[in-house]
Every structure is written in C-alpha cells, then in structure tokens.
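Here the structure is laid out as structure tokens; the discussion comes afterwards.
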Amino acid sequence: MKILRGFLCLAVLMAGLMLGRWIADEPVARTEAERAWKQQDVEGCFKALTRVAQTSPTHAFELLLSLEGDETKAIELLQRLTKEFPDAGVELMAVFLLHPEHYRDYTMGREVFCGCARADPERAWQAMMAHEVQFMPAFLPDIARGMTQRAPLEAMRYAAKIPCPMHRESFVHEVMQEWSERDGQGLLSWLRAQPDAGKLARHVGWFQLKITDAAQLAAIADLMPESFVTDRTSFSVGLPRPLTEGAWMQHTEWLLALPAGEKRTLLCTAAARGLVPLDPEAALKLLPEVKDTNVSHLVTSAVSAFRAAVSPQEGLAFANSLTDPMERRNARNSVFITWAENDPAGASLHALESGDPDAKIMLSHAGFRWAMDDPENACRFALEHEKPSEGSSWSKNAMLKSAVNIWAGKEPVAAARWAKALPEGGAKDAAFYGVAKALSFRQPEQSLRWAQDIQDAAMRRQALQLCLMSWLYKDNEKPVKWLQQASLDDETRKALDAYVKSRVAAARPGQAESNGRYISDAISIFR
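The sequence shown begins at 271 in our numbering and counts up one residue at a time.
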C-alpha cells in the first residue's frame, strides 16, 4: 500500500512539474512569437503561437489578433492555428469580439465564424445576431459551412430561423454544397425523402458527390435537375466550388454501362461537362452520348488545349479533324491560346510564318506572355518578324503593341528609350501606342503626349481616345480642358470631342451610359 501511495505521489508531482513547465513556458513562447513576427519569421511565429495555444488557446488568439503589420500573413497564421486546434472555435470567437477593429476583415471573420460554428453552432449564431449590423448576412455562409462540418441536419434546422428568403436560400445552398463534399451518399438518401427535393436539388454540389457503386447513379439521375447539365447559372448561389477528385463522373465505365435512354444521356452529358477541367480525355470517351452542342464544343476545345499543352501540332491535328465548322474554330482557338501560354516564341513564329490567318489571334496574347518574362526580347522578335503593313490599324503590330505595353508597365524608362530609338514607321507608331497605353492610368497627361506623336492618323485617334478614357475614370474636368487646348487635326478633334462629351454626360447623376465602347487589345477566346 505504501508503494502504491508512493507511485501516486510521484505521478502527482510529475504532473505538477509538467503543468508548471507549461505555465512557465507560455511567457517565453509569447516573447518568441512577438520577436519572430517583427523579424517576419512566419514559421517561427507559428511554432511559438502553437506552444502558447497548448496552454491557452485564448491567449494564443489574443496575441495573434494584436499583432500589427502584414494582414495576409496574420490570416495565414490564424488559418494554420485553427487547423491545429479545431475545437478552439469558441475561444477564438470570444477574442474576435473583443477586437472590433477586425470586424470588417472578412477573411478573418470567415475563419472565426466557421470555426466557432463547427465547435458550438449556437454560440456562433448568437454572436452573429448580437452584432447583426456588422455580421449579418456577411458571415451566414461561413456559419453554414461550420455547422455542416459538425452536423448537416442540425445546420438545415437553423435555416428555418432566417427570416429573409434570399439569405435563407444562400444559407441552404452553402449547407448543401458543404454536405455534398463531405457525405454525398448521406445527402442523396436525405434528399430523396424530402417533399421539396426538386427545389433543394438545385443547391447540391453535383460535381462534388462521390459514390461507391454504379447503382447509386440511379439516385443521381433521378434527383439531378435537367438544367444542371447545360445551364451553369440557373441555380447557382454564391461562388462555385472546385470539382472534386474521385467524384461520380470519373467512373466513365459505369456511365457507359448504363442502359441506353434519357438517364444515360443526362448523366453522360453532365459528366462530360464536369470532367472538362479534370480529365478532358475521359470526357471525350463520353462524347458519343452527348447530344448538347455546347457541351460537345466545350469538350473538344478542352481536349484540343490539353493535347496542345504537350504538342501544339497534335492539338492542332485533333482540332482540324472536327467536322463542324464552329466546333473546329473553337478548338483551333483553344490550341492557339494554349500554345501562346506555354511557348510564346514558338507560337509567335508559327503565327507569322505559317500563313494561317486564324493563328494570328494569338499574336497579342503571345506577346503579352513573352513580355511578362522577357520584354525586350519579345519586342525585338515582334520588330523583326511582324509585318507592320498588314491588317487594319487595330490589328497592325498586335504583338509589338502588347509586348511594349507590358514592358512599359514594368520598366517605363527602358521601354520608352527603346521605342524612341526606332526608325519612323509603323513599328514606331505601334511601340508608342504600347507606351501610351501603359501610362494611361498612372500618368494620363504623359500618355497623351506619346499618343500625339503617333504618325498613323487612325492609330493616333485610337490611342488618344484610350488615354482620355483612362483619364475620365479619375477626372471629368481636366480631360475636357486638355482637349480644348490640344493641337489636333479637325477630324480627330471632332471625334474626341464627341467621345468626351458622351462620357462626361454619362457620369452625371441620373444619367446612364449607352452605346459606350471600351477600347482594348484583348482577344476573344472561344471555348
């Protein structure tokens, strides 16, 4: 008995020593966290905060929310800390409510309300209702997510407490989206028993559902709204979620084994659309079952781009093999854009030397991508290979305009010096256009001087209008005065005067702009 008492005393003593060590360690950890934060050592700060949280999550969150400086890094630390201590949501909420300076930090607020709702749904709900003006409805989706992570059916019961129909629908949508990711089979079983299943089905994250056997495809076919297959906006509330790896549509062998009929067509069409960002080649296997033209074009364009990422020639060969003219055009455009993204130099050379008129759509985009990494060489390539005399004033020197624009945005002095050194002609005009465009938002008056020096009359008018448009976003008076005093030919003055007057009139209270036109070097991408 004495030995047993001795062991018990020793255990109590050791526990006391450990507790004392933890308590003594907290001030040291707090000091280390503050020092690491000042030194921008995020990892060191996180480790120290974790040690504080092991003794007191409240103290750790209090310290974190009191740190001043980089808000992005603070949010990162908060996300990591809540992941490390998922049951400390109530403590986090208590600390957050003591810091009203963070109430408008919606990124932090989302983390706080989701974590609290996961730990104690009623506490999160009461916190929101007690500060309804600040938090309602901004954090309703986050409460829905947290509640659903804990108990989906409990979350659905809270939806009935929301008086506003729009806010209630948004809450239900978030619950069912989260539920779809976490327990698709449970959600389907519950949904089939609901009298308003058809209405609720609009909120299911159909591309997040995972199933364990082919028989469950029947439940998906019975409940999935037909509009989901083709209309991506008719039922969406909030931001769409990323597609889930391992979801039902990736079981193409199950889908193709279904009996022929409407359900097979419905599921294969929906699956093909869902597979486009995950596995275009798998979507292609389902294409014979797809009757919807838009989905079919989406798949073939994605396959073309997917193959072009490996070999532009293979992607182009597949696109050229398509028989429908519109489908072939869309697929070819996808190839060209992918090519320009991955190999701007090779794409540019093909566009300029192949004689393929469709390939020229990627010149501007290729110039942009190349100039992001190596602007001077992109500009030199465009200068040496692009034919300045071809096309309208809009399409002349498309690559050079785009490349100089990016260069001037990054290194305005170097780009301006290079442009000024060019011999007179179309290339110099294009370079000046690129510089003017780059300066138009930051230095509108300076950009107008560059635009005025463009020799080509049509391009000069376009550049001047672009620069004035940028200036008018910030000031309605100075552009008008500039135009009144500027030295311009009659045709240009007349065109710009009409444009500026229409913009100024549209900016007046009670006026709506109509027939407005935005000037841009952007290209249309058909997918």
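All C-beta atoms, glycine included, are put in the ideal place defined by N, C-alpha and C.
Proximity below 8 angstroms, CB of residue i to CB of residue j
i: Leu347; j: Val312; result: yes
i: Ala652; j: Gly637; result: yes
i: Leu734; j: Thr762; result: yes
i: Glu304; j: Val322; result: no
i: Ala425; j: Arg438; result: no
i: Lys480; j: Ala541; result: no
i: Arg415; j: Glu392; result: no
i: Gln486; j: Glu451; result: no
i: Trp720; j: Ala697; result: no
i: Thr342; j: Gly385; result: no
Close-in-space but distant-in-sequence residues of the same chain around residue i (CB under 6 angstroms, 5 per side omitted)
i: Gln419; result: Arg388
i: Ile413; result: Phe383, Ala387 and Ala394
i: Ser506; result: Low confidence applies to Ser506: its pLDDT is 45, below 50, so where it sits in the model is not reliable, and the reading given next is rough at best. So the list is empty, once near-sequence residues are dropped.
i: Phe268; result: The question about residue 268 has no answer here: the residues shown for the chain are numbered 271 through 797.
i: Ala708; result: Asn675, Ala678 and Gly679
i: Arg543; result: Val565
i: Thr514; result: Gln478
i: Lys555; result: Thr522
i: Ala484; result: Trp524
i: Tyr373; result: Gln404
i: Thr539; result: Val499, Val560, Asp562 and Val565
i: Ala548; result: Correcting the residue type first, residue 548 is Leu in the shown sequence and not Ala. Same-chain partners within the cutoff: Leu513.
i: Pro433; result: none
Cut-off 8 angstroms between Cβ atoms - residues of its own chain near residue i, not counting five sequence neighbours on either side
i: Ala552; result: Gln520, Thr522 and Leu545
i: Ile293; result: Interpretation of Ile293 is limited by its pLDDT of 46, a score under 50 that renders its predicted location unreliable; no figure is taken from the coordinates.
i: Met729; result: Ser663, Lys666, Asp699, Ala700 and Tyr703
i: Lys751; result: none
i: Met398; result: Phe383, Phe405, Met406, Phe409, Leu410 and Ile413
i: Leu333; result: Arg300, Ala303, Glu304, Leu319 and Val322
i: Leu557; result: Ala542, Ser566, Val569 and Thr570
i: Thr503; result: Unreliable placement is indicated for Thr503, whose pLDDT of 49 sits below 50; the coordinate value is still reported in the next sentence. The answer is none, since no qualifying residue turns up.
8 angstroms contact criterion, which residue i and residue j should meet: CB distance rounded
i: Leu758; j: Pro749; result: That pair is no contact at about 13 angstroms.
i: Trp677; j: Pro645; result: 3 angstroms
i: Glu371; j: Pro327; result: Glu371 to Pro327, Cβ: 21 angstroms. No contact.
i: Pro495; j: Arg472; result: 6 angstroms
i: Thr570; j: Glu611; result: Contact doesn't hold; Cβ gap of about 19 angstroms is too wide.
Chain-order list of residues whose beta-carbon lies under 7 angstroms from that of residue i (same chain, five-residue window excluded)
i: Arg291; result: Reliability of the predicted coordinates at Arg291 is poor, the pLDDT of 45 falling under 50, and no value is obtained from them.
i: Gly456; result: none
i: Pro714; result: Cys737, Ser740 and Trp741
i: Ala656; result: It should be pointed out that residue 656 corresponds to Glu in this sequence rather than to Ala. Closer than 7 angstroms at the Cβ level, and outside the excluded window around Glu656, lie Leu622, Asn667, Met669 and Leu670.
i: Ala765; result: Arg731
i: Phe331; result: Glu361, Leu362 and Val365
i: Gln464; result: Leu470
i: Gly508; result: Only weak support is given to the placement of Gly508: the predicted model assigns it a pLDDT of 47, under 50, and the value that follows is read from those uncertain coordinates. Excluding positions up to five away in sequence, the list reads Pro411, Ser440, His443 and Glu444.
When the options are compared against residue i, the one with the closest alpha-carbon
i: Gln447; options: Gly468, Pro411, Ala467 and Phe711; result: Pro411
i: Ser566; options: Pro433, Pro550, Met642 and Ala579; result: Pro550
i: Asp492; options: Asp483, Ala467 and Gly516; result: Ala467
i: Leu336; options: Lys317, Lys308 and Arg350; result: Looking at the sequence shown, residue 336 is not Leu but Ser. Of Lys317, Lys308 and Arg350, the residue nearest in Cα terms is Lys308.
i: Glu694; options: Arg719, Asp726 and Lys671; result: Asp726
i: Asn647; options: Trp688, Cys315, Ala527 and Lys533; result: Trp688
i: Tyr376; options: Ala400, Asp357 and Ile345; result: Ile345
i: Asp613; options: Ser624, Val580 and Pro595; result: Val580
i: Lys533; options: Val560, Lys555, Leu367 and Gln349; result: Val560
i: Leu368; options: Ala527, His401 and Gln716; result: His401
i: Asp628; options: Leu586, Arg639 and Cys649; result: Leu586
i: Asn489; options: Ser710, Leu470, Gln464 and Ser459; result: For the record, residue 489 in the displayed sequence is Ala; it is not Asn. The shortest Cα separation from Ala489 among Ser710, Leu470, Gln464 and Ser459 belongs to Ser459.
i: Gly339; options: Gly359, Gly531 and Gln310; result: Gln310
i: Val770; options: Ala756, Arg712, Asn746 and Leu633; result: Asn746
Residue i: CB within 7 angstroms of a non-hydrogen atom of the ligand FAD
i: Gln583; result: By its list of ligands, the structure shown contains no ligand whatsoever, and the ligand FAD lies outside what it can speak to.
Below-8 angstroms beta-carbon distance, residue i vs any chain C residue
i: Asp726; result: No chain C is present in this structure, which holds just one protein chain.
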